[in-house]
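**Q** If you read the protein sequences in the order shown, they are chains A and B. Note that our numbering numbers the first sequence so that position 126 is 126, with each residue one more than the last. Note that our numbering numbers the second sequence so that position 208 is 549, with each residue one more than the last. Where is the CB? At the ideal position from N, CA and C, for every residue including glycine.
Protein chains: 2
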Amino acid sequence: MTARRPRERGVTIEDVARAAGVSRQTISNALNAPHRLKAETLERVSAMIENLGYRPDQSARSLKSGTRRIIAYPTPVDDPANPNPLMGGFLEAVVAASGEAGYRVLLVRPRPGQSQEQALDELIAARTVDGFLLSDILRDDPRVAHLTGAGFPFAAFGRTGPEQPQSWVDVDSVQAMIELVGMVAARGHRRVAFLASSSGQPWMDDRRAGFLAGVRRHGLAGQLYSPGDDPGEIVAATCELLAGRDRPTAIVAGGDWLALGIYTAARAEGLEIGTELAVVAFDDLPIAAFLQPALTTVRLPLRRIADALISRLLQIIEDGVTPQAGLILPGELVIRPSLGP
Amino acid sequence: MTARRPRERGVTIEDVARAAGVSRQTISNALNAPHRLKAETLERVSAMIENLGYRPDQSARSLKSGTRRIIAYPTPVDDPANPNPLMGGFLEAVVAASGEAGYRVLLVRPRPGQSQEQALDELIAARTVDGFLLSDILRDDPRVAHLTGAGFPFAAFGRTGPEQPQSWVDVDSVQAMIELVGMVAARGHRRVAFLASSSGQPWMDDRRAGFLAGVRRHGLAGQLYSPGDDPGEIVAATCELLAGRDRPTAIVAGGDWLALGIYTAARAEGLEIGTELAVVAFDDLPIAAFLQPALTTVRLPLRRIADALISRLLQIIEDGVTPQAGLILPGELVIRPSLGP
DNA sequence: TGCGCGGATATGAACGATCAAATACGGTGT
DNA sequence: ACACCGTATTTGATCGTTCATATCCGCGCA
Numbered sequence: 001m002t003a004r005r006p007r008e009r010g011v012t013i014e015d016v017a018r019a020a021g022v023s024r025q026t027i028s029n030a031l032n033a034p035h036r037l038k039a040e041t042l043e044r045v046s047a048m049i050e051n052l053g054y055r056p057d058q059s060a061r062s063l064k065s066g067t068r069r070i071i072a073y074p075t076p077v078d079d080p081a082n083p084n085p086l087m088g089g090f091l092e093a094v095v096a097a098s099g100e101a102g103y104r105v106l107l108v109r110p111r112p113g114q115s116q117e118q119a120l121d122e123l124i125a126a127r128t129v130d131g132f133l134l135s136d137i138l139r140d141d142p143r144v145a146h147l148t149g150a151g152f153p154f155a156a157f158g159r160t161g162p163e164q165p166q167s168w169v170d171v172d173s174v175q176a177m178i179e180l181v182g183m184v185a186a187r188g189h190r191r192v193a194f195l196a197s198s199s200g201q202p203w204m205d206d207r208r209a210g211f212l213a214g215v216r217r218h219g220l221a222g223q224l225y226s227p228g229d230d231p232g233e234i235v236a237a238t239c240e241l242l243a244g245r246d247r248p249t250a251i252v253a254g255g256d257w258l259a260l261g262i263y264t265a266a267r268a269e270g271l272e273i274g275t276e277l278a279v280v281a282f283d284d285l286p287i288a289a290f291l292q293p294a295l296t297t298v299r300l301p302l303r304r305i306a307d308a309l310i311s312r313l314l315q316i317i318e319d320g321v322t323p324q325a326g327l328i329l330p331g332e333l334v335i336r337p338s339l340g341p
Numbered sequence: 342m343t344a345r346r347p348r349e350r351g352v353t354i355e356d357v358a359r360a361a362g363v364s365r366q367t368i369s370n371a372l373n374a375p376h377r378l379k380a381e382t383l384e385r386v387s388a389m390i391e392n393l394g395y396r397p398d399q400s401a402r403s404l405k406s407g408t409r410r411i412i413a414y415p416t417p418v419d420d421p422a423n424p425n426p427l428m429g430g431f432l433e434a435v436v437a438a439s440g441e442a443g444y445r446v447l448l449v450r451p452r453p454g455q456s457q458e459q460a461l462d463e464l465i466a467a468r469t470v471d472g473f474l475l476s477d478i479l480r481d482d483p484r485v486a487h488l489t490g491a492g493f494p495f496a497a498f499g500r501t502g503p504e505q506p507q508s509w510v511d512v513d514s515v516q517a518m519i520e521l522v523g524m525v526a527a528r529g530h531r532r533v534a535f536l537a538s539s540s541g542q543p544w545m546d547d548r549r550a551g552f553l554a555g556v557r558r559h560g561l562a563g564q565l566y567s568p569g570d571d572p573g574e575i576v577a578a579t580c581e582l583l584a585g586r587d588r589p590t591a592i593v594a595g596g597d598w599l600a601l602g603i604y605t606a607a608r609a610e611g612l613e614i615g616t617e618l619a620v621v622a623f624d625d626l627p628i629a630a631f632l633q634p635a636l637t638t639v640r641l642p643l644r645r646i647a648d649a650l651i652s653r654l655l656q657i658i659e660d661g662v663t664p665q666a667g668l669i670l671p672g673e674l675v676i677r678p679s680l681g682p
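Laid out in structure tokens, this is it:
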């Protein structure tokens with residue numbers, strides 16, 4: 001531990017009070033309960049606050065009030081081999097949503113050698129944050145279990161177990177996938193393949209289930225394929241798939257990244273995407289719009305998800321009210337040329 | 342403003358002191374200056390701390406010490422049309438680096454209707470953070486000017502002006518680009534094109550300058566092209582480029598995303614990448630490895646950059662020492678099949 | 001005149017930690 | 001026996017805010 005140089009202190013409530021010729025409490029009231037002040041005093045005091053650029057010290061306020069106005073977001077480890085589709089856009093949406101509610105987002109990650117639970121405990125015990133925002137919820141997610149046990153506020157992007165707090169928000173992947181398959185069926189495709197790594201993430205299972213449901217509903221011939229995460233593998237698997245005799249005329253990918261491999265394979269096989277082969281995927285990452293032809297996919301309503309998560313979390317933090325049921329939001333089909341005419 | 346329900350208070354230093362039969366200060370010393378305690382006392386006290394799960398309240402500690410152990414990172418607005426290559430990996434590296442130094446990262450973004458400077462001021466005045474980490478530094482970046490004026494600690498990923506604090510770290514894009522062009526030249530290419538949007542970002546200018554320097558040094562015929570950000574435009578521009586009579590045999594892209602468009606165009610023109618057309622780019626985003634054939638590119642040493650930034654920032658915060666000169670780190674060539682044999 | 005009343009403002013006491021200074025405690029040397 | 005010293009531990013004050021309570025003041029009313 002190095003020596004710590006205390007930062008210069010700023011303008012305090014005392015300074016403002018002296019300058020305005022009133023007491024501390026009057027300044028505090030001007031900010032927290034303006035109705036208590038005589039209009040004239042309020043104006044004079046507010047001017048002085050503005051004038052001196054006074055802002056209540058967050059630490060002092062927190063110490064007294066017990067609230068931090070900070071939400072922790074444990075960042076998913078971003079595996080370059082399997083880039084997390086959410087990282088970019090979701091974080092973006094969360095920062096915006098919480099910012100508008102007057103909260104800030106603190107990124108946290110276990111130190112080397114520290115378990116996820118320990119990292120959470122550290123923040124709870126040190127009273128650094130008011131609550132947690134979790135994403136990439138696994139089945140029996142240990143973080144959810146831990147926070148539930150500790151009785152600490154959290155909200156989750158992804159479903160939690162039935163015996164746990166239902167403070168989650170999720171996308172109706174099954175329904176979105178059914179609609180996606182519906183679009184494919186409406187274009188006259190009969191043989192459809194689903195491609196996704198079989199990594200056992202709940203959301204991917206939902207997408208797979210949605211595909212199967214869609215295929216059944218529309219009487220299509222659907223087949224599942226699960227290549228590994230390696231790009232080469234994906235291309236190879238797709239090539240094989242497309243070289244077969246009864247090759248599918250449409251491919252549904254579990255995520256936009258996979259579509260990149262599918263495009264590559266299709267071209268290697270001499271198939272034109274959109275006309276000879278329909279490709280659709282899920283997530284609407286930037287790459288979906290960048291691919292040529294642009295990719296038909298399902299857009300996650302990230303901003304609405306973030307808004308709902310923050311709103312639920314703040315309800316727990318500020319009012320102590322835990323939502324009785326999870327919230328399921330629809331995905332939005334984004335039709336682009338890769339689906340065909 | 343909704344009513345605020347104070348969170349239940351946790352274990353305090355007083356509780357531990359009473360339980361261990363010593364005074365507050367002894368507990369404090371056990372954590373902050375263990376050498377002051379008799380070995381026996383230390384052991385007994387530490388056991389009790391562990392036992393009760395005591396962690397000093399961060400707000401109380403901050404109030405007294407004036408230090409927050411939090412670094413603010415103003416998140417660049419992520420334009421989906423021009424996805425920020427850094428957002429993912431850089432943030433990741435920053436969180437890891439600061440975590441190891443015992444600091445946390447707070448994401449901030451101006452509220453609607455608030456200027457960037459106001460957002461910074463708010464954090465400074467409320468003493469919420471100890472310093473700022475800036476990225477995507479523009480020429481005459483207003484944030485740098487503002488923090489310099491306020492005398493508040495910051496470190497920047499990207500060069501700052503000569504009259505400003507030199508607490509920056511940057512990648513030697515020029516040199517990396519020269520080496521990249523060198524690799525292309527060594528493969529026997531004579532006509533080389535550089536593709537990048539002309540958006541005037543300093544880092545892109547460096548890459549362009551590096552390209553020109555490399556071309557000059559190796560006596561190649563180099564040409565600059567600046568399509569817009571739109572994927573369709575990129576493909577169209579590349580197609581035109583490749584359809585010309587004296588078409589380049591190698592294309593250098595300003596960023597990995599552009600390579601996607603180039604791949605598409607090359608295939609449309611019937612050119613095989615790696616053999617008939619060399620493609621190289623910059624950033625080593627996940628997409629570089631996903632493309633088939635995989636893309637030769639320049640990897641930014643994100644972890645080293647983050648480490649250096651954090652180390653410099655903490656030096657300013659903790660020791661009050663501002664670095665005298667910026668730090669330039671080399672990019673790392675990642676040779677992959679798109680360059681050719 | 002004195003009293004009660006209510007709105008506006010002021011005062012004292014936390015919140016939980018750390019810093020600086022004070023004290024307790026053995027052991028030496030004379 | 002006593003001053004002296006260094007180490008181990010305790011005490012008091014403080015950081016800047018907010019909560020609960022106290023005071024002030026003008027006014028209507030008996």
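By the DSSP assignment, the alpha helix (DSSP H) with THR264 (chain A) in it spans what residues?
**A** Counting along the chain, the alpha helix (DSSP H) containing THR264 (chain A) begins and ends at 256-268.
**Q** If you follow the beta strand (DSSP E) that ARG445 (chain B) is in, where does it begin and where does it stop?
**A** Note, ARG445 (chain B): beta strand (DSSP E), 445-449.
**Q** Please name the residue or residues paired with VAL593 (chain B) in a DSSP beta bridge.
**A** VAL593 (chain B) is bridged to B:PHE535, B:VAL621.
**Q** If we count Cβ pairs, one from each stretch, closer than 8 Å, do we get three or more for the stretch 299-317 of chain A versus the stretch 259-274 of chain A?
**A** They do not touch, by the three-pair rule.
**Q** I want to verify the contact list: residues of chain B whose CB lies under 8 Å from the CB of PHE290 (chain A), in sequence order.
**A** Those are PRO572, TRP598, LEU601, GLY602, listed as they occur along chain B.
**Q** Is the separation between the beta-carbon of LEU643 (chain B) and that of ILE412 (chain B) shorter than 8 Å?
**A** Against a cut-off of 8 Å, the Cβ pair of ILE412 (chain B) and LEU643 (chain B) comes out as no contact.
**Q** Quick check: what's the CA-CA separation for ARG377 (chain B) versus PRO397 (chain B)?
**A** Distance between the alpha carbons of ARG377 (chain B) and PRO397 (chain B): 18 Å.
**Q** Quick one: list the residues of chain B neighbouring GLU100 (chain A), beta-carbon separation under 9 Å, in chain order.
**A** Those are ARG452, PRO453, listed as they occur along chain B.
**Q** Could you pull out every residue in the same chain whose Cβ sits closer than 7 Å to the Cβ of TRP203 (chain A), ignoring the five residues on either side in sequence?
**A** Cβ within range, chain order: GLY158, SER173.
**Q** Let me know the secondary structure DSSP gives LEU668 (chain B) once reduced to three states.
**A** Strand.
**Q** Can you tell which of A:LEU260, A:ARG139, A:LEU147, A:GLY113 has its C-alpha closest to the C-alpha of LEU123 (chain A)?
**A** With distances taken between Cα atoms, LEU123 (chain A) lies closest to A:LEU147.
**Q** Out of A:ARG208, A:VAL215, A:ASP206, A:SER199, which has the shortest C-alpha to C-alpha gap to ALA186 (chain A)?
**A** It is A:VAL215 whose Cα lies nearest to the Cα of ALA186 (chain A).
**Q** Can you pull the chain A neighbours of SER638 (chain B), defined as C-beta to C-beta under 7 Å?
**A** For clarity, residue 638 (chain B) is Thr in the given sequence; the question names Ser instead. Near THR638 (chain B) there are no residues of chain A at all, since even the closest Cβ is about 13 Å away, more than 7 Å.
**Q** Note down, in chain order, each residue of its chain lying with its Cβ closer than 8 Å to the Cβ of VAL357 (chain B), except the 5 sequence neighbours on either side.
**A** Once the five neighbours on either side are set aside, the close Cβ partners of VAL357 (chain B) are ILE368, VAL386, MET389, ILE390, LEU393, TYR395.
**Q** In angstroms with no decimal places, state the Cα-to-Cα distance between ALA125 (chain A) and ARG61 (chain A).
**A** Rounded to whole angstroms, ALA125 (chain A) to ARG61 (chain A) spans 18 Å at the Cα level.
**Q** Anyone know if the C-beta pair for SER167 (chain A) and ALA155 (chain A) falls short of 8 Å?
**A** In this structure, ALA155 (chain A) lies closer than 8 Å to SER167 (chain A) by Cβ.
**Q** Interface residues of chain B around LEU106 (chain A) at Cβ under 9 Å?
**A** In chain order: ILE411, ARG445, VAL446, LEU447, LEU448.
**Q** What residues from chain B crowd round LEU63 (chain A), counting only those whose CB sits closer than 9 Å?
**A** Here the neighbours are ASP398, SER400, ALA401, SER403, LEU404.
**Q** Just reading off the beta strand (DSSP E) that THR297 (chain A) is part of, what are its end residues?
**A** THR297 (chain A) -> beta strand (DSSP E) spans 297-299.
**Q** Please list the terminal residues of the continuous beta strand (DSSP E) segment that includes ASP170 (chain A).
**A** First-last of the beta strand (DSSP E) with ASP170 (chain A): 168-171.
**Q** Within the 8 Å Cβ cut-off, does ALA155 (chain A) reach chain B?
**A** No, ALA155 (chain A) does not count as interfacial toward chain B.
**Q** Verify the CB distance criterion: does ARG190 (chain A) have a CB-CB separation below 8 Å to chain B?
**A** With 8 Å as the cut-off, ARG190 (chain A) does not count as an interface residue toward chain B.
**Q** In this structure, does DSSP put THR12 (chain A) in helix, strand or coil?
**A** Residue state, collapsed to three classes: coil.
**Q** Per the contact definition of three or more C-beta pairs closer than 8 Å, is the stretch 667-682 of chain B in contact with the stretch 619-636 of chain B?
**A** Cβ pair count under 8 Å is three or more, so yes.
**Q** If the cut is a Cβ gap below 8 Å, which residues of chain A does ARG608 (chain B) touch?
**A** Per Cβ cutoff of 8 Å: ARG267.
**Q** Buried or exposed: which applies to GLY254 (chain A), given that a residue is buried once 16 or more other Cβ atoms fall within 10 Å of its Cβ?
**A** Flag for GLY254 (chain A) reads buried.
**Q** Write down the C-beta distance between LEU107 (chain A) and VAL446 (chain B) rounded to the nearest angstrom, noting that I regard them as a contact closer than 8 Å.
**A** The Cβ separation is near 5 Å, so the contact holds.
**Q** Do you know whose CA, among B:GLN505, B:LEU612, B:ARG452, B:GLU384, lies nearest GLN665 (chain B)'s CA?
**A** Among B:GLN505, B:LEU612, B:ARG452, B:GLU384, the Cα nearest to that of GLN665 (chain B) is on B:GLN505.
**Q** Pop quiz: PRO227 (chain A) and ALA237 (chain A) are said to be a contact at Cβ under 8 Å. What is the actual Cβ separation, rounded to whole angstroms?
**A** Sure, about 4 Å apart at Cβ, within 8 Å.
**Q** Once the 5 residues before and after ILE651 (chain B) are set aside, which same chain residues still bring their CB inside 6 Å of it?
**A** Excluding positions up to five away in sequence, the list reads ALA438, SER439, ALA442.
**Q** Quick one, are the C-beta atoms of VAL639 (chain B) and GLU673 (chain B) less than 8 Å apart?
**A** It is a contact, given that the beta carbons lie within the stated cut-off.
**Q** May I ask you to report which of helix, strand or coil DSSP gives GLY472 (chain B)?
**A** Three-state DSSP puts GLY472 (chain B) in a strand.
**Q** What is the rounded straight-line gap between the Cα of TYR566 (chain B) and the Cα of ALA537 (chain B)?
**A** Approximately 7 Å, taken between the alpha carbons.
**Q** Would the beta-carbon of HIS189 (chain A) fall within 8 Å of that of THR275 (chain A)?
**A** No, these two residues do not count as a Cβ contact at 8 Å.
**Q** Could you spell out where the alpha helix (DSSP H) holding GLN564 (chain B) opens and where it closes?
**A** No alpha helix (DSSP H) holds GLN564 (chain B); the beta strand (DSSP E) holding it covers 562-566.
**Q** Which partner residues does ALA413 (chain B) have in the DSSP bridge list?
**A** In DSSP, ALA413 (chain B) forms a bridge with B:LEU447, B:PHE473.
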